[in-house]
Every structure is written in C-alpha cells, then in structure tokens.
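Residue numbers (this note's numbering), protein chains in the order written: chain C, 93 to 241; chain B, 93 to 241; chain Y, 93 to 241; chain F, 93 to 241. Think of the CB as a built atom: it goes at the ideal place given N, C-alpha and C, for glycine as much as any other residue. In this text, all values refer to a predicted model and were calculated from it rather than measured experimentally. I have placed the structure first, in the form of structure tokens, so that the comments after it can refer back to it.
Number of protein chains: 4
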Amino acid sequence: MKGELRKNQILDGAKKLIARNGYYQTHVEDILREVKLGKGTFYLYFKNKEDLFISILERFLDDWEKIVLKATTDPSYKDLQSYFQALITRSHNFFKLNEELCNIYLRIGPGINDIFEPYIERFEQKMLNYVTDELKKAVQAGFFRKDMD
Amino acid sequence: MKGELRKNQILDGAKKLIARNGYYQTHVEDILREVKLGKGTFYLYFKNKEDLFISILERFLDDWEKIVLKATTDPSYKDLQSYFQALITRSHNFFKLNEELCNIYLRIGPGINDIFEPYIERFEQKMLNYVTDELKKAVQAGFFRKDMD
Amino acid sequence: MKGELRKNQILDGAKKLIARNGYYQTHVEDILREVKLGKGTFYLYFKNKEDLFISILERFLDDWEKIVLKATTDPSYKDLQSYFQALITRSHNFFKLNEELCNIYLRIGPGINDIFEPYIERFEQKMLNYVTDELKKAVQAGFFRKDMD
Amino acid sequence: MKGELRKNQILDGAKKLIARNGYYQTHVEDILREVKLGKGTFYLYFKNKEDLFISILERFLDDWEKIVLKATTDPSYKDLQSYFQALITRSHNFFKLNEELCNIYLRIGPGINDIFEPYIERFEQKMLNYVTDELKKAVQAGFFRKDMD
DNA sequence: TATGAATGAGTATTCATTCAT
DNA sequence: CATGAATGAATACTCATTCAT
C-alpha cells in the first residue's frame, strides 16, 4: 500500500509535467525533482520511462471505465436518451477533472507514434467496445429499430 | 535558386518523416539519408533542427495563404455564401494534398510545447486574422446584419 | 555465534554465485536473495562488497592452512617424499572439495586487478611461505643436500 | 582505411587498459581519454562496449591464425617434429609480443562468463580445429602410426 | 538483530552540431 | 557548395550503500 502511494505520487508528477512539456522533454529527473524523490526511486516502481507512460495511459482508461461503469450499471435510467445523457455528462465531468490526462491522450500520445501506437489502439478499441456494448444492450432492449447504423 | 531547390528537397524529406515518426524520433541524419545528401549539408540551409520545424510550419501557412488569397482576391464571387463555399472547398483540397503537413500541425506540433508554442500561436493568430478580415470586409459590404456574433 | 553462522551463510551464497557469474555480475542483492536474507543484513556482517570478496579469499587461505598444518604437524611422516605426497594429496582433495573457491581464486580474482591485487599477492606470498618454511625445516632436518635449488 | 586506423587505435587503447584493469573497471571514457578521442567517436566504430570486447578476442584469434597459417603453409618443414617445433616457437613469440591479449584471453575473459562464454568457446574450438587438422594431415602423411591417441 | 525502501554517484549511450577537407 | 568524421552535452538507467522502523 505504501508502494502504491509512491507509484501514484510519481504518476501524478509525471502526468503534470508530460501534459505541459511533452514526453521527450519531460526527463525522469524532472519528474523526481517535482515529487521530491531520489532518481533511483523511480526504477523501484517503473521498469523504465516507457513503462511510466503506458501506466499513465492505462490509468486514464481505468479511471474512465469506473465512471462509465458507474453510469451503465446504475439501473435508474429508464430510457436510452437519459442514459446517454448521463454517460456524456459523466464523461464530460471526467474530462474536465482530468484535463492533464486528456491533454496527454489527445496531444502528446500522437507524437510518439512507434512506441505507443499499439497501446493507444488497444485503448481506443476498449473505449469503442464499451459504447458498442451499450448500444447492443439498447438494441436488444428494443430502443432502436433494427434498420439503423 | 539551386539553394532554394536543396532547401525544399530537405523540407520535403523532413515533412514526410516527421509526419510519420514525430519530431523527436526523426533525426537530422534520417532526413539527410532520405534525401540522399550529406549530413553537413543540412546546416547550410537551416540554422538547426528547430529552424527546420519552424520552416515547415511557416511553409504550411504560406501555402494556405496562397490558396486563401487566390480565393479572396478573385472578384468573381458575388455573394458571401459562394465565397465561403469556395474557400472551404479550396481549404479542403489543400488539406487533402498536404496530409503530411496537417498531420504535423495537428498531431506533432502539440507534443513539442515549449519550443514551438509561440510559433503555433502566431500561426493560429494569422489564420484567424484572415478569416476575421474577410468577415469584416463582408460586413462592410453589407452581407451581414450588425447584430450577429 | 549466531552472527558467525549468518556470516558463513552469506559467504557460502556469495562463493557460489561469484564462482558462477564473476564478481561484478554478482550483485549484493543476488547474494541475499540466494540465502534468503534482507538486503540490509549484509552490512551487519560485512563492511562492503569488497570486504566480502576479501573474506572469501581469506577463508580460502585459512581452510588451506588447516589442511597443510594438519599434514605438517602430523609427526607420522618419516621421510620427505611421503610428506610431500601427503601434502599434495590433501591439497588435491581440498581443491576438489572447494571447486568454487578455486574457480574464484584462479579465474575471478585476476579480473579484478586494482582492488584485489594486493590481497592476492599477500595470499600468494603466504602460500609460498608455507612451502618455503617446510622446505627449510626439511633442509635443517637433513633431508636435502645443501647444493640444491 | 582512415576508419580502420581509428578502430585499431581504439582497439589498442582498450587492449592495454582492459589487460591492466579488467573489463568492468575499464570505462569507455577511460579508453577514449587514453587514445585522445571524443566519447562519441567510440560509437562510430563499435556498437557498444561488448562489441569492443568481442572485437579484441576476434583480433586475437585472427592474429594467431596468421602466425599459424604462415607456419603451416610453409612447405619447408620436412618432418613433423620440426613442423611442430616451428609452430610452438612462432606461437611462443606471438604470445610474448601480445602479452596484453594473452592477459585478456586468459585472465579477464573468464571473469565475464555469461556474455562472452559463447565467443570464448567458439574461439577455443577454432584453435583446436587447427591443431586437429594439422595432425590429420600429419597422420595422412604417414608421420604417425595409426594406433595412437 | 533484521529489513527493504530510498538514494545518488557513476556509466553507457545518443544525437544535434561543427569543421577540416 | 558538399561532405562525413569527430565531438560532448545531455539522459536513461544501475547498483552499492544507508537508515528509519
């Protein structure tokens, strides 16, 4: 648990600096100065710099999932429209609260093609899956006519 | 003129590689191998790597200007709607023909905040100015009512 | 006594790993994982990694001494030939039983010149002294003619 | 050719320092200070430090081959004894002239087990092959009786 | 005693830039 | 003009050692 704390501490510092300066201009040393930890400590919690970035992306996805899940499993939405409305509202709030993560995902990631593309793809796939799943459920629930895109 | 040719040659190679791999993962050496020139030659035409990137952005703007100017100075558009339609069509075609430049502007640039932000801002300002200027002209020409956004 | 036990425990693990992987590729952490002790414990029994290596070398010498001493102080050898024969047999057995230590002494040590050379020299000197002393005794005992090498 | 010169220059400096201080205590920077070249230059001629060490071992083998070949292809040895005598004399001279290389091969290499063992094995195999080949030729030439080891 | 999280000095390696030819 | 060999500042990463618990 202590370890998880440190990991999050580093992750938060990294998120902040990478969102501001980009991946290549954020040096491992910068991050550790930011969170006031020794350089070696970094490698106790991350295999390397790449691993850190992937962790950030994955955390973004995890956090988003939690929001989405909360919205979807909640049985109180009776019709599709209010369901999606809630989903969008929650997503919107999430993005607002996680401006840094969004920045990284939308602006920083794309500049680091070769290493992160596979992760980003998986990421997008996962996001897509959620929406698709929900739509399927909705279709099954008879919200839509069958002849739609 | 020979020099301008060389410069464009390098600029094209750089555009291609940076669009594909990002700024930091495109090395000066890669670019010069791509265009089959010696590494030292680069510094005959550009002050440094940063200067190259700025040149790419500026060329993007210049090319866009040419398209926009052509469209605006052409007196053949009688009403605003056909004017903007032409503008958008031309812009669209331009973007299609310059996919690489767009990629760089939209995806690569943002990951290189600290150095290029001022240039990008200037860039955006310039783009905005054009549109604003045109709108002003249009307003003066009486195309719009005064009480609009 | 408990301490001596721990020390030997570490020494044995180190001997094994260093003989197999060399000095620089055997990390303090590896040794303590091998003997299932915490990393910090190491520094309760050794000043540092160098001290450990020296201890290994010295233990090698001590053990060899015991064998040699046993052989020499034993009054049962009447003539020189049987004395040396016994010495060699015992040494040979010792080397067989301590393959790891030999490995370290013959193959690992030489690659760590600057730190360990003095110790190794002292080591060799000591070994030489034993043989010389024995020979002197033998000479005094009249085993040899004075005009020999 | 200029490049080959530089490579040899570095190789010689490395040989000297590694023979004296061992592999792990000879730092890339030490070698380049020794031969008065910039740090980056090293990586123009060697992929990394390991590659350098392998080059040294291979050069040792190449040089030895030249000596051995000279000795073997020379048709002037009429009987086997004088042939081997020449071989040994030449090898002996070679070892004397290349004390550093011998030092590295015999004392430094063994301490770097995991990386270099395969190379060293190949090395030994090659050396063995030469002697075996020569013996076969000798046997065919009728120098030996068939019933020998 | 025993531990392992934290540390930072030390090292290999990269890459933009220079300059002699 | 053109070149590419040479350079070293900058950076990621390792590992022996410390110290609070």
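Residue i (DSSP reduced to helix, strand or coil)
i: Lys131/B; result: helix
i: Lys139/C; result: coil
i: Met93/B; result: coil
i: Gln232/C; result: helix
i: His184/B; result: helix
i: Ile204/C; result: coil
i: Asn190/B; result: coil
i: Tyr211/B; result: helix
i: Tyr116/C; result: coil
Per-residue burial, residue i [other beta carbons within 10 Å of its own, 16 or more giving buried]
i: Gly130/F; result: exposed
i: Lys228/Y; result: exposed
i: Glu96/C; result: exposed
i: Glu157/B; result: exposed
i: Glu192/B; result: buried
i: Tyr135/Y; result: exposed
i: Thr224/C; result: exposed
i: Leu124/Y; result: buried
i: Asn190/B; result: buried
i: Gly105/F; result: buried
i: Gly132/Y; result: exposed
i: Lys128/C; result: exposed
i: Lys107/Y; result: buried
i: Ala111/Y; result: buried
N- and C-terminal bounds of the alpha helix (DSSP H) containing residue i
i: Leu198/F; result: Element bounds for Leu198/F: n/a, residue is neither H nor E.
i: Ile123/Y; result: 120-126
heavy atom of the ligand PLP below 7 Å from residue i C-beta
i: Asn221/Y; result: Looking at this structure, you won't find the ligand PLP or any other ligand, since it has none at all.
Does the stretch 193-208 of chain Y come within contact of the stretch 139-152 of chain Y, defined as at least 3 CB pairs closer than 8 Å? yes
Short-range partners of chain F found in the stretch 95-125 of chain Y, where Cβ spacing is below 8 Å: Arg112, Asn113, Gly114, Tyr115, Tyr116, Gln117
Count Cβ pairs between the stretch 214-234 of chain Y and the stretch 212-224 of chain F that sit closer than 8 Å; are there 3 or more? no
Does the stretch 172-192 of chain F come into contact with the stretch 173-189 of chain Y, if we say contact requires no fewer than three beta-carbon pairs (one atom in each stretch) closer than 8 Å? no
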